[in-house]
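Report on the following structure.
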Amino acid sequence: MSLLAVEDLAIHFGGVKAVDGVSFEVEAGEVFAIIGPNGAGKSTIFNLISRLYEPTRGRIHFDGADITALKAHQIAPLGIARTFQNIELFDHSTVLDNLLMGRHIHRRTNFVQDILFLPKVRREEREHRRRVEEVIAFLELEHYRGKHIAGLPYGVRKVVEIGRALALGPKLILLDEPASGLSVEESQDVAFWIEDMRRDMGLTVLMVEHDMGLVTQVSDRVLAVANGRPLALGTAAEVQADPEVQAAYLGTGDAA
Amino acid sequence: MRVVFKTSYDPDIDLHDHAWKRWGIALLLAVMAALPFLVGDYYLAEATNTLIWALAGMGLMVLVGHTGQVSLGHAAFLAIGAYTDAALMNIGWPFLLSFPVAGLVAGVFGAIIAVPAVRMSGIYLAIATLAVFVIVEEMVILLAPITGGIGGIFAPTIEIAGIGFDRYAALDNFYWLCLVVVALVTWGYANLMRSPTGRSFLAVRDSEVSARALGINVTRTRALAFGLSSGVTGLAGALMGHYIGFFNYELFSIFISINLLLVVTIGGLGFIPGAFLGAILITGVPQLISILRDSANATLGIDLGGIPGLDTMVFSLILIGFIIYEPTGLYGRWLKLRVWWELFPLARRDMFRRQKTYLKTERMR
Ligand SMILES: Nc1ncnc2c1ncn2[C@@H]1O[C@H](COP(=O)(O)OP(=O)(O)OP(=O)(O)O)[C@@H](O)[C@H]1O
Ligand SMILES: [Mg+2]
Numbered sequence: 002m003s004l005l006a007v008e009d010l011a012i013h014f015g016g017v018k019a020v021d022g023v024s025f026e027v028e029a030g031e032v033f034a035i036i037g038p039n040g041a042g043k044s045t046i047f048n049l050i051s052r053l054y055e056p057t058r059g060r061i062h063f064d065g066a067d068i069t070a071l072k073a074h075q076i077a078p079l080g081i082a083r084t085f086q087n088i089e090l091f092d093h094s095t096v097l098d099n100l101l102m103g104r105h106i107h108r109r110t111n112f113v114q115d116i117l118f119l120p121k122v123r124r125e126e127r128e129h130r131r132r133v134e135e136v137i138a139f140l141e142l143e144h145y146r147g148k149h150i151a152g153l154p155y156g157v158r159k160v161v162e163i164g165r166a167l168a169l170g171p172k173l174i175l176l177d178e179p180a181s182g183l184s185v186e187e188s189q190d191v192a193f194w195i196e197d198m199r200r201d202m203g204l205t206v207l208m209v210e211h212d213m214g215l216v217t218q219v220s221d222r223v224l225a226v227a228n229g230r231p232l233a234l235g236t237a238a239e240v241q242a243d244p245e246v247q248a249a250y251l252g253t254g255d256a257a
Numbered sequence: 218m219r220v221v222f223k224t225s226y227d228p229d230i231d232l233h234d235h236a237w238k239r240w241g242i243a244l245l246l247a248v249m250a251a252l253p254f255l256v257g258d259y260y261l262a263e264a265t266n267t268l269i270w271a272l273a274g275m276g277l278m279v280l281v282g283h284t285g286q287v288s289l290g291h292a293a294f295l296a297i298g299a300y301t302d303a304a305l306m307n308i309g310w311p312f313l314l315s316f317p318v319a320g321l322v323a324g325v326f327g328a329i330i331a332v333p334a335v336r337m338s339g340i341y342l343a344i345a346t347l348a349v350f351v352i353v354e355e356m357v358i359l360l361a362p363i364t365g366g367i368g369g370i371f372a373p374t375i376e377i378a379g380i381g382f383d384r385y386a387a388l389d390n391f392y393w394l395c396l397v398v399v400a401l402v403t404w405g406y407a408n409l410m411r412s413p414t415g416r417s418f419l420a421v422r423d424s425e426v427s428a429r430a431l432g433i434n435v436t437r438t439r440a441l442a443f444g445l446s447s448g449v450t451g452l453a454g455a456l457m458g459h460y461i462g463f464f465n466y467e468l469f470s471i472f473i474s475i476n477l478l479l480v481v482t483i484g485g486l487g488f489i490p491g492a493f494l495g496a497i498l499i500t501g502v503p504q505l506i507s508i509l510r511d512s513a514n515a516t517l518g519i520d521l522g523g524i525p526g527l528d529t530m531v532f533s534l535i536l537i538g539f540i541i542y543e544p545t546g547l548y549g550r551w552l553k554l555r556v557w558w559e560l561f562p563l564a565r566r567d568m569f570r571r572q573k574t575y576l577k578t579e580r581m582r
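Okay, here's the thing in structure tokens:
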């Protein structure tokens, strides 16, 4: 049984068929990449899985359950975390607080207990902090712990966003272009982290990425999409060799 | 620069990470508690008024500063608090019971109207809260048997365990009562902001989509913030009723709502001390203006009192100046001064210029 199964997913914005009949399955423990030219509908697929968008048709199954009818805030508790293409951090908070916000689904206290700051709240805070420190150590963010997001360089912000998703303790992590805008060294770090996430943390990774070097290096399977439709599915090499995929990237042919 | 070595997570969880900050707060509280022995009744009454405004300011700060929602209707919650407390005391409830219930009623009312309102944002929410204010005002007039209608109502004298807390007969006691309430609410507010609930407020304020992706129920979080906000404002309203003594619906005008918004924006959005600084400014500046005017009259023989609206104009100019030149508020100014002092003489002029570097990658620099 696959961890995530997307079945004939489609969403139309007015006349724009952003996603139009995409199906794929992601196995537990797999690194699965989605590639495609700009505007192909990759981020939209993520937003559909996150339930931020309402699909026009199709179903999404996670861990054996149909999640198509859930609300956006009911997705994280199932163990799905994500990052955004255009970094969506809490800019006025510190790195530490951003990561702690990633622990929201694990909170066990209500607002009355919080206001009184009962001993239970402190115990929970220590536990959250311990988990967040593991993420900080993993991503080597020690130096930035107390810094506010607004003043951080782009590359660090991207890493903090990955950290916030990891702090959630997910089974599946969705990474929307984790290496875009990063230097070669930074991209290499991202590649190693993705490998560690799978190997050491037992995570399943679904990512969108333009950097074919990174995709080839880390992913088990690749799905190519263009104009909202799937083009090819297979290993990175197979997909890259596919004539339809090449046509879609070069803008020649009528792969659409 | 202070350097703090931390050997456990607790200093980060504690309200204050330095012992000296704790002592600072203790000293401030001690001075505040001793105030009745230090100043006369006139200034003590002013200080009481400032405390009540700070309380209401904290109420609005939760909403505007920490959850990013605007309300033009907070005078309505002041009114609900004041009338509930007075009405309950009039039917014989003791203050110790009527006071928290007044806050609770205002809070529950706020949370209920919030459920539809929080789906709106920006100007629409502002208009919706304004509508709530108008409705509450009408209700006050309609419920004349309870609220005294247009005529008004007396806030009964507070008595706890046989001790009087009358605003005139026992001003010292009333001041202390307000101080205790404000101190407790401040403590609870500070606790909230270091807990998961407070973090969820900030999350909703700064990025709604991330908040949802992290499992935060945005509607419920906003409604909770609205409820807590109106509850605290209701408590302030109850105290305000006792402070004024006799009031009708006109006490809770739209100008009170606007002044409350000024308290939080001028004080510093998103900072608890900002509510206090804003309250000091809003209650202190009109006093200062009238003192200056009187002394101008006495020493220079210039009778500015004859010019109508002068007070209001000077007051407004000060407020506008703040909003234009100090958008981070009084508390922001204080933080800058502190950094400047700590780094002296190394502070640079451009240190607080907003950083725009984050749009570039490190490679491009
Ligand atoms: N909320 C929306 N409303 C209308 N159109 C949308 C919306 N979201 C996406 N689209 C459209 O759907 C199409 C796919 O967009 P999407 O962001 O998924 O592309 P992408 O594959 O992620 O591209 P990129 O590589 O540039 O990130 C685009 O034509 C876009 O304009
Ligand atoms: Mg995209």
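Heads up: the sequence lines are chains X and G, in that order. Counting in the working numbering, the first sequence runs from 2 upward without gaps. Counting in the working numbering, the second sequence runs from 218 upward without gaps. Backbone N, C-alpha and C fix where the C-beta goes; we use that ideal spot for every residue, glycine too.
Taking the straight line between their C-alpha atoms, what separation do you get for residue i and residue j?
i               : j               : result
V23 of chain X  : V219 of chain X : 23 Å
V335 of chain G : L419 of chain G : 15 Å
A387 of chain G : N434 of chain G : 47 Å
F85 of chain X  : L176 of chain X : 7 Å
R123 of chain X : I483 of chain G : 33 Å
L576 of chain G : S3 of chain X   : Reliability of the predicted coordinates at L576 of chain G is poor, the pLDDT of 34 falling under 50, and no value is obtained from them.
V32 of chain X  : T217 of chain X : 11 Å
A455 of chain G : I508 of chain G : 29 Å
F316 of chain G : M208 of chain X : 55 Å
E187 of chain X : L224 of chain X : 24 Å
L71 of chain X  : G103 of chain X : 20 Å
P312 of chain G : L409 of chain G : For clarity, residue 312 of chain G is Phe in the given sequence; the question names Pro instead. Whole-angstrom Cα-Cα distance: 26 Å.
L246 of chain G : N390 of chain G : 16 Å
I36 of chain X  : K43 of chain X  : 7 Å
G495 of chain G : V480 of chain G : 4 Å
L90 of chain X  : A293 of chain G : 35 Å
F488 of chain G : I269 of chain G : 18 Å
What do you get for residue i, buried or exposed, if any count of 16 or more other CB atoms within 10 angstroms of its CB means buried?
i               : result
P179 of chain X : buried
Y145 of chain X : buried
K172 of chain X : buried
Y548 of chain G : buried
R158 of chain X : buried
M530 of chain G : exposed
H74 of chain X  : buried
R200 of chain X : exposed
P253 of chain G : buried
F472 of chain G : exposed
A378 of chain G : exposed
I352 of chain G : exposed
A237 of chain X : buried
S412 of chain G : buried
N476 of chain G : buried
I'd like the list of long-range same chain contacts for residue i, defined as Cβ closer than 7 Å, with 5 residues on each side in sequence excluded.
i               : result
P333 of chain G : none
G309 of chain G : none
I468 of chain G : Going by the sequence as given, residue 468 of chain G is Leu instead of Ile. Correct list, in chain order: I461.
S446 of chain G : G276, L277, V279, L280 and G327
G324 of chain G : G444, L445, S447, G448 and G451
May I ask you to report which of helix, strand or coil DSSP gives residue i?
i               : result
M208 of chain X : strand
L18 of chain X  : The question names Leu, but residue 18 of chain X in the sequence shown is Lys. Strand, per DSSP.
L224 of chain X : strand
R109 of chain X : coil
E467 of chain G : helix
A372 of chain G : coil
L360 of chain G : coil
D243 of chain X : coil
Using C-beta distances below 6 Å, list every residue in its chain close to residue i, excluding the 5 sequence neighbours before and after it, in chain order.
i               : result
V191 of chain X : P179 and A180
P56 of chain X  : L10, I12 and L49
Tell me which same chain residues have a C-beta within less than 8 Å of the C-beta of residue i, skipping the five on either side of it?
i               : result
E8 of chain X   : S24, G59, R60, I61 and H62
K121 of chain X : R109, T110 and Q114
G65 of chain X  : M2
Interface residues of the stretch 83 to 108 of chain X facing chain G [CB-CB below 8 Å]: Answer in chain order: R83, F85, E89, L90, F91, D92, H93, S94, L97, D98, L101, M102, G103, R104, H105, I106 and R108.
Interface residues of the stretch 222 to 236 of chain G facing chain X [CB-CB below 8 Å]: Y226, D227, D229 and I230
Taking beta-carbon pairs under 9 Å, can you tell me which members of the stretch 114 to 131 of chain X lie near chain G? Q114, D115, I116, L117, F118, V122, R123, E125, E126, R127, H129, R130 and R131
Below 9 Å between beta carbons is the criterion; list the residues of the stretch 66 to 77 of chain X that meet it against any residue of chain G, in chain order. With the criterion set as a beta carbon lying under 9 Å from some beta carbon of chain G, the members of the stretch 66 to 77 of chain X are K72, A73, H74, Q75, I76 and A77, in sequence order.
Mind listing which residues of the stretch 23 to 53 of chain X have their C-beta closer than 7 Å to chain G's C-betas, in chain order? Under the 7 Å Cβ criterion, the stretch 23 to 53 of chain X contributes S51 and L53.
Quick one: which residues of the stretch 207 to 240 of chain X get their C-beta closer than 8 Å to a C-beta of chain G? List them in chain order. none
Give me the subset of the stretch 157 to 179 of chain X whose CB atoms are less than 7 Å from a CB atom of chain G, sorted by chain position. Within the stretch 157 to 179 of chain X, R158 and L169 place their CB atoms closer than 7 Å to a CB of chain G, listed in sequence order.
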